[in-house]
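**Q** Just dropping this structure here.
2 protein chains.
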Amino acid sequence: MGRWEPNARQRLAEAALRLYGEQGYEQTTVAQIARQAGLTERTFFRHYADKREVLFAGSPLQELFVTAVAEAAPDAALLDVVGAGLDAASGMFRGRHEYALRRQAVVEAHQELRERELIKLAALATALAGALRDRGVPEPTATLTAETGVAVFKVGFERWIRAAEETDMAPLMRGLLAELGRVAAGA
Amino acid sequence: MGRWEPNARQRLAEAALRLYGEQGYEQTTVAQIARQAGLTERTFFRHYADKREVLFAGSPLQELFVTAVAEAAPDAALLDVVGAGLDAASGMFRGRHEYALRRQAVVEAHQELRERELIKLAALATALAGALRDRGVPEPTATLTAETGVAVFKVGFERWIRAAEETDMAPLMRGLLAELGRVAAGA
DNA sequence: GCACCTGATGTCAGTCACTGTCATCGCGTA
DNA sequence: TACGCGATGACAGTGACTGACATCAGGTGC
Chain A
206 MGRWEPNARQ RLAEAALRLY GEQGYEQTTV AQIARQAGLT ERTFFRHYAD
256 KREVLFAGSP LQELFVTAVA EAAPDAALLD VVGAGLDAAS GMFRGRHEYA
306 LRRQAVVEAH QELRERELIK LAALATALAG ALRDRGVPEP TATLTAETGV
356 AVFKVGFERW IRAAEETDMA PLMRGLLAEL GRVAAGA
Chain B
206 MGRWEPNARQ RLAEAALRLY GEQGYEQTTV AQIARQAGLT ERTFFRHYAD
256 KREVLFAGSP LQELFVTAVA EAAPDAALLD VVGAGLDAAS GMFRGRHEYA
306 LRRQAVVEAH QELRERELIK LAALATALAG ALRDRGVPEP TATLTAETGV
356 AVFKVGFERW IRAAEETDMA PLMRGLLAEL GRVAAGA
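Here it is in structure tokens:
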């Protein structure tokens, strides 16, 4: 792999998050990020498609979520399948509250970054719908369930990250899933 | 208002949709759009913040949806309030299937445009949550309901636009809302 | 030990989205 | 008729992103 200084990708990602946080996303040029990482602007774009992607590439969220859905018990109820996915997603944030908070503050401060985050979540919903169809869930139930599951994740993540202390994300997600059930039941 | 040729904004929007459709979004330069509309590139950016916004500005979707939610009967069930919003949203697409299809084909063909669409829907969800809170719905129910309502709209719109013939969007949305109820009830 | 291959990086020129600034133009108004 | 004002044009500049080509370091085959 690395014949030069190793971990060029990671160095770029760390420099980007630091600079975006310190001086703002718009005020940071790609050339600055590359220089901090000891590379050139051209090399940045060989590792990341654009200035936004450096904050999003490499997250295992989708894979964890989808795998959990695919591997849930074949006879599990639909809501429990979603819950298993949410549990798996919650796991990847354990012990990372401070990092996630720092990153999320940057993302929320800039429309371009929020847009990128939303399309990642949309891709997650699409992948989830596929996993549900593979389990035999018909359309439009699969897509509707996937979109709803992602909506629960969005709300839960938002609440988890706003908490003063790091809490366990999984029960929070389960609680929202239950609340959704009450809403849909007309309560 | 217009002391020069009137409807500069509309001319720009029409030229943009036509060119994006004919030769692709990336292959179209803002200078081309402006020239087609008899204006300059600089004037384009006085009417629209960027090359993407020209396809999204001016849509009354959010206002219609939110107003319907705000004006629903005070004692209406939560799901019926969302349903009223979906009905109002459906109304604005009546008779516009062909136009919507043309526009959607362009949007779906380019990630930058899909991102912009997603952030518009996220803004809709935020506004809906506010309208629900104004009705006395507590958090996190308000946000969860709003996100779920938008998810239903996304799925319904997708299905409506894929239909060969223009159908009535409202019953489609109502059907999805009912299906969501069955999912959340654990069926 | 040497020539060669290969993948990661550097260099450079170029396009285009987007912005700030100032000039200009056409209409309404005093 | 002179003036004000909002919409537009002209122009220079920045920075994201791309394509083409050179270079460099390490592994490979001999």
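Chains A and B, in that order, are what the protein sequence lines are.
Per this note's numbering, the first sequence starts with residue 206, numbered consecutively.
Per this note's numbering, the second sequence starts with residue 206, numbered consecutively.
Don't be surprised by glycine CBs; every beta carbon is placed ideally from N, CA and C.
Would you please state the rounded distance, in angstroms, between the beta carbons of residue 299 of chain A and residue 261 of chain A? I believe it to be under 8 Å.
**A** The sequence position of residue 299 of chain A within the first sequence is 94, counting from 1. The sequence position of residue 261 of chain A within the first sequence is 56, counting from 1. Incorrect: roughly 20 Å between the Cβ atoms, too far for contact.
**Q** Give the straight-line distance between the Cα atoms of residue 207 of chain A and residue 382 of chain A, rounded to the nearest whole angstrom.
**A** As a working mapping, residue 207 of chain A is identified with position 2 in the first sequence. As a working mapping, residue 382 of chain A is identified with position 177 in the first sequence. With a pLDDT of 41 at residue 207 of chain A, under the threshold of 50, the modelled position of that residue is not reliable, and the figure given next carries that caveat. Cα to Cα, residue 207 of chain A sits roughly 45 Å from residue 382 of chain A.
**Q** Report, in whole angstroms, the separation of the C-beta atoms of residue 222 of chain B and residue 311 of chain B, which I expect to be a contact under 8 Å.
**A** For the purposes of this step, residue 222 of chain B is identified with residue 17 of the second sequence, where counting begins at 1. For the purposes of this step, residue 311 of chain B is identified with residue 106 of the second sequence, where counting begins at 1. Between residue 311 of chain B and residue 222 of chain B the Cβ distance is about 7 Å, and since that is below 8 Å, they are a contact.
**Q** So, is the C-beta of residue 268 of chain A closer than 8 Å to a C-beta in chain B?
**A** Against the first sequence, residue 268 of chain A aligns to sequence position 63. With 8 Å as the cut-off, residue 268 of chain A does not count as an interface residue toward chain B.
**Q** Exposed or buried, residue 295 of chain A, counting other C-beta atoms within 10 Å across all chains shown (16 or more means buried)?
**A** Your numbering for residue 295 of chain A matches position 90 in the first sequence. Burial call: buried.
**Q** Within the 8 Å Cβ cut-off, does residue 309 of chain A reach chain B?
**A** Counted from its first residue, the first sequence places residue 309 of chain A at position 104. So, not an interface residue.
**Q** Closer than 7 Å by beta-carbon distance: list the chain A residues that pair up with residue 453 of chain B, in chain order.
**A** Here chain B comprises residues numbered 206 to 392, so residue 453 of chain B is not present and cannot be evaluated.
**Q** Give the residues of chain A in contact with residue 256 of chain B, contact being defined as C-beta atoms less than 9 Å apart.
**A** The residue given as residue 256 of chain B occupies position 51 in the second sequence. Those do not exist, as residue 256 of chain B stays about 13 Å from chain A at its closest Cβ, beyond 9 Å.
**Q** According to DSSP, is residue 232 of chain A helix, strand or coil?
**A** Residue mapping note: residue 232 of chain A aligns to position 27 of the first sequence, counting from 1. In this structure, residue 232 of chain A counts as coil in the three-state DSSP scheme.
**Q** Specify, as a first and last residue, the run of the alpha helix (DSSP H) that residue 302 of chain B falls within.
**A** Walking along the second sequence from the start, residue 302 of chain B turns up at place 97. Note, residue 302 of chain B: alpha helix (DSSP H), 302 to 313.
**Q** Under a three-way DSSP split, which group does residue 342 of chain A fall into?
**A** Locating residue 342 of chain A in the first sequence gives position 137, where the first residue counts as 1. Residue 342 of chain A: coil per DSSP, three-state reduction.
**Q** Rounded to the nearest angstrom, what separates residue 377 of chain B and residue 297 of chain B at their Cα positions?
**A** Reading the second sequence from its first residue, position 172 is the one you call residue 377 of chain B. Reading the second sequence from its first residue, position 92 is the one you call residue 297 of chain B. Cα to Cα, the separation comes out at about 15 Å.
**Q** Note down, in chain order, all residues in the segment 337 to 359 of chain A with a beta-carbon under 8 Å from any beta-carbon belonging to chain B.
**A** The residues in question are 345, 346, 348, 349, 350, 352, 353, 355, 356, 357, 359.
**Q** So residue 233 of chain B and residue 239 of chain B are in contact, right, with Cβ under 8 Å, and what is the actual spacing, rounded?
**A** For this step, residue 233 of chain B is matched to residue 28 along the second sequence. For this step, residue 239 of chain B is matched to residue 34 along the second sequence. Residue 233 of chain B to residue 239 of chain B, Cβ: 11 Å. No contact.
**Q** Taking residue 304 of chain B as the reference, which of B/370, B/230, B/273, B/375 has the closest Cα?
**A** The residue given as residue 304 of chain B occupies position 99 in the second sequence. If we check each option's Cα against that of residue 304 of chain B, B/370 comes out closest.
**Q** Could one say the Cβ of residue 273 of chain B lies closer than 8 Å to chain A's Cβ atoms, at least one of them?
**A** On the second sequence, residue 273 of chain B is found 68 positions in, with the first residue counted as 1. Taking Cβ atoms only, chain A never reaches closer than 8 Å to residue 273 of chain B, which makes this a no.
**Q** Who are the neighbours of residue 388 of chain A on chain B, taking C-beta pairs under 8 Å?
**A** As a position in the first sequence, residue 388 of chain A is number 183, starting the count at 1. The answer, in chain order, is 283, 284, 346, 349, 350, 353, 389.
**Q** Go ahead and label residue 341 of chain A buried or exposed: buried means 16 or more other beta carbons lie within 10 angstroms of its beta carbon, across all protein chains shown.
**A** Numbered from its first residue, the first sequence carries residue 341 of chain A at position 136. With fewer than 16 other Cβ atoms within 10 Å, it is exposed.
**Q** At least one CB of chain B closer than 8 Å to the CB of residue 260 of chain A: is that the case?
**A** Locating residue 260 of chain A in the first sequence gives position 55, counting from the first residue. False, the Cβ-Cβ gap to chain B never drops below 8 Å.
**Q** Nearest chain B C-beta to residue 313 of chain A closer than 8 Å, yes or no?
**A** The residue labelled residue 313 of chain A in the question sits at position 108 within the first sequence. Taking Cβ atoms only, chain B never reaches closer than 8 Å to residue 313 of chain A, which makes this a no.
**Q** For residue 337 of chain A, which residues in the same chain have their Cβ closer than 7 Å to its Cβ, ignoring the five residues on either side in sequence?
**A** Start at 1 with the first residue of the first sequence, and residue 337 of chain A comes out as number 132. Only 274, 347, 350, 351 meet the Cβ criterion.
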